[in-house]
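Everything below concerns the one structure shown next.
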Ligand code: AMP
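Residue numbers (our numbering): 12 to 524.
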């Protein structure tokens, strides 16, 4: 019997698992009957791991050992500005790993986001195994299109720790287009607008005779539902401090309750015009317990979130321009991600694209369903579908004068290969070191540093005489491979990679057991 490959949407807030059964994709219910599973992991008093809905239930009583939103940490450096900002609002602690990655602290243990994520993936694997009655070893995992190479590699490593061979890392908007296009088969041009809990992506996709070609993608990995919650939390903290002279930011339990209440109010205001925020016994003063009670209207929320809503336009315009299209040429706009349910977000989409978005899509499930379609492409069940994606960021190396020399530009169709030739600058030079960056700025310091490659075993010659051709290959998952040859002798140069972060192969192996 052919082994099944499951499709996983590993969301910031919720995760979803789907599978292809004959030619139909289905979402698999979790053990609590839900079609999505909260992306939350807790450690209880006795050190046991609790994942999903039971973890969400104990978050208020156990905030320091309950990890949510781990997707915002994965593949990130501890000292990056976004992690430093995020750390201020989290009830759990972040610490730097020995390589400078952002890790979480649980009791006395430091833990990588890869390991935390692997618990969510293990749970989804188990859900699928219980439903299908067979062991699952392979998966397709989706990531925001705008994830860089380190975030993609870290996600793949999380899969490996969970005991899953990750057959593909698929971009979330591309997955949504695949799921939509496989049911609405006609040739068309789609804009996928994906606003989730932690990230925002836009992709422009053309479907023609079964070929799904992504023309361009753009986004922001630091804009999502959590930011909408945060502006509301900040307002509530400010008002509370003004009224009671108590700083709620210093109390993890109060902060956790505020976060839940803020998110609940935001979600309720997508359907209602006004809601109540009611948090009894939120803090204690010398006079006794202090409560938070406030009415919040949809208009107030929209005004508060207006800067975030305004910032949704630029990535859409950049993606359209990179695809060489105007909004008039788009046939359909797909809304993906839970945050796209907010009416003010939908109005902004209408303004940006000049049309009503598609209504027939479930934004919580479409990405996992698309990953299941991709499993059919890889497994050979869906032979008539072809997928062509692009790299979201330019890839280059640092050259003299602190400039970025670009080898692959953003929105290049992947897999892609590019080469560049380097000459030695000293007599008898035996190796050359290259620093690789991803991003659009001319100054590498403003881009993401991916790692350092050392090309060794060069033939000793006078300076300038040894020339090395370096080849960058970006695979369909957006991961980079580097090879090098000495130009004149045709000899392979050795390539030693020193990545900017992440886990080593032996660390991954150790965590698997
Ligand atoms: P996702 O990562 O796609 O699961 O998106 C989750 C985000 O969507 C979270 O920030 C939720 O608070 C938000 N969300 C879910 N449902 C709604 C809703 N009806 N209105 C506004 N935001 C929502």
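All C-beta atoms in this analysis are idealised placements derived from N, C-alpha and C, irrespective of residue type, glycine included.
Quick check on DSSP: helix, strand or coil for residue i?
i: residue 526; result: Residue numbering for the chain in the displayed model covers 12 to 524; residue 526 lies beyond these limits and cannot be assessed.
i: residue 470; result: coil
i: residue 142; result: helix
i: residue 519; result: helix
i: residue 422; result: coil
i: residue 147; result: coil
i: residue 351; result: helix
i: residue 240; result: helix
i: residue 192; result: helix
i: residue 494; result: strand
i: residue 226; result: strand
i: residue 450; result: coil
i: residue 428; result: strand
i: residue 93; result: helix
i: residue 126; result: helix
i: residue 263; result: helix
i: residue 166; result: helix
i: residue 528; result: The structure shown does not extend to residue 528, since the chain spans only 12 to 524, so no value can be given for it.
i: residue 503; result: strand
i: residue 457; result: helix
i: residue 185; result: helix
i: residue 104; result: strand
i: residue 204; result: strand
i: residue 172; result: helix
i: residue 214; result: strand
i: residue 341; result: coil
i: residue 321; result: helix
i: residue 487; result: coil
i: residue 478; result: strand
i: residue 333; result: helix
i: residue 233; result: coil
i: residue 510; result: strand
i: residue 434; result: strand
i: residue 14; result: coil
i: residue 249; result: helix
i: residue 121; result: strand
i: residue 357; result: helix
i: residue 179; result: strand
i: residue 463; result: strand
Can you tell me the Cβ-Cβ gap for residue i and residue j, rounded? I've got them flagged as a contact below 8 Å.
i: residue 397; j: residue 225; result: Rounded, the Cβ-Cβ distance is 12 Å, inconsistent with contact.
i: residue 40; j: residue 33; result: With a Cβ gap of about 19 Å, residue 40 and residue 33 do not count as contacting.
i: residue 461; j: residue 160; result: 6 Å
i: residue 206; j: residue 415; result: Contact flag wrong, Cβ pair sits at about 30 Å.
i: residue 383; j: residue 61; result: Not quite, the Cβ-Cβ distance comes to about 27 Å (not below 8 Å), so this is no contact.
i: residue 14; j: residue 148; result: 7 Å
i: residue 344; j: residue 369; result: 6 Å
i: residue 85; j: residue 162; result: 6 Å
i: residue 339; j: residue 202; result: Contact doesn't hold; Cβ gap of about 12 Å is too wide.
i: residue 67; j: residue 92; result: Going by Cβ atoms, the distance from residue 67 to residue 92 rounds to 29 Å, so no, they are not a contact pair.
i: residue 38; j: residue 376; result: 5 Å
i: residue 178; j: residue 389; result: 6 Å
i: residue 498; j: residue 480; result: 5 Å
i: residue 215; j: residue 295; result: Not quite, the Cβ-Cβ distance comes to about 53 Å (not below 8 Å), so this is no contact.
i: residue 483; j: residue 406; result: 6 Å
Confirm the yes/no value for this check: CB of residue i, any heavy atom of the ligand HEM, distance under 7 Å.
i: residue 469; result: Summarising the ligand content, the structure contains the ligand AMP and does not contain the ligand HEM.
Checklist entry - Can you list the beta strand (DSSP E) stretches of 3 or more residues lying completely in the region 367-418, in chain order? => result 397-401 and 406-410
Item to check | Inside the region 16-86 only - alpha helix (DSSP H) runs reaching at least 4 residues | outcome: 64-68
Next on the checklist: Between the region 280-291 and the region 154-174, can you find at least three pairs of beta-carbon atoms closer than 8 Å?
Outcome noted: no
Checklist entry - Quick one: any contact between the region 145-160 and the region 181-201, if contact means 3 or more CB pairs under 8 Å? => result yes
Next on the checklist: Give me the pocket residues for the ligand AMP, defined as CB within less than 5 Å of any heavy atom, sorted by chain position.
Outcome noted: 22, 23, 24, 25, 207, 208, 236, 274, 278, 281, 348, 349, 350, 352 and 353
Checklist entry - Quick one: complete alpha helix (DSSP H) runs, 4+ long, within the region 276-315? => result Runs found: 309-315.
Checklist entry - Should the region 235-248 be regarded as contacting the region 206-216, the criterion being three or more beta carbon pairs within less than 8 Å? => result yes
Checklist entry - Should the region 253-266 be regarded as contacting the region 288-303, the criterion being three or more beta carbon pairs within less than 8 Å? => result yes
Checklist entry - Given 8 Å as the limit, is there contact between the region 471-481 and the region 434-449, that is, 3 or more CB pairs closer than that? => result yes
Checklist entry - Three or more C-beta pairs closer than 8 Å, one from the region 369-378 and one from the region 184-199: is that the case here? => result yes
Item to check | Touching by the beta-carbon criterion (3+ pairs, under 8 Å), the region 100-112 and the region 134-143 | outcome: no
Checklist entry - If you pair each beta-carbon of the region 111-130 with each one of the region 423-431, do three or more pairs fall below 8 Å? => result no
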